[in-house]
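Participant: Mind having a look at this structure? Questions to follow.
In this note's numbering, the protein residues as written are 19 to 63.
Following this line, the structure appears as structure tokens:
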């Protein structure tokens, strides 16, 4: 049997400063080493 724990909290608050926002030009490059698999064989891409 699988158990799942969920934490119910209030909605996230607005960002206080614009510097907290990060803009990404290339998500593939950022996540290249973060997901399991390797290059063409990666089932998560």
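C-beta: ideal position from N, C-alpha, C; glycine also. Treat the numbers as computed from the prediction; the structure is a model and nothing was measured.
Do you know how far the Cα of residue 19 is from the Cα of residue 31?
Facilitator: For this step, residue 31 is matched to residue 13 along the chain shown. For this step, residue 19 is matched to residue 1 along the chain shown. In a straight line, the C-alpha of residue 31 is about 35 angstroms away from that of residue 19.
Participant: Given a cut-off of 9 angstroms on the beta-carbon distance, is the pair residue 48 and residue 42 in contact?
Facilitator: Residue mapping note: residue 48 aligns to position 30 of the chain shown, counting from 1. Residue mapping note: residue 42 aligns to position 24 of the chain shown, counting from 1. Yes; because the gap between Cβ atoms is below 9 angstroms, this pair is in contact.
Participant: Start and end of the alpha helix (DSSP H) containing residue 46?
Facilitator: For the purposes of this step, residue 46 is taken as the residue at position 28 of the chain shown. That run of the alpha helix (DSSP H) goes 45-49.
Participant: Can you grab the Cα-Cα spacing for the pair residue 44 / residue 25, in whole Å?
Facilitator: Locating residue 44 in the chain shown gives position 26, where the first residue counts as 1. Locating residue 25 in the chain shown gives position 7, where the first residue counts as 1. The alpha-carbon atoms of residue 44 and residue 25 are separated by roughly 32 angstroms.
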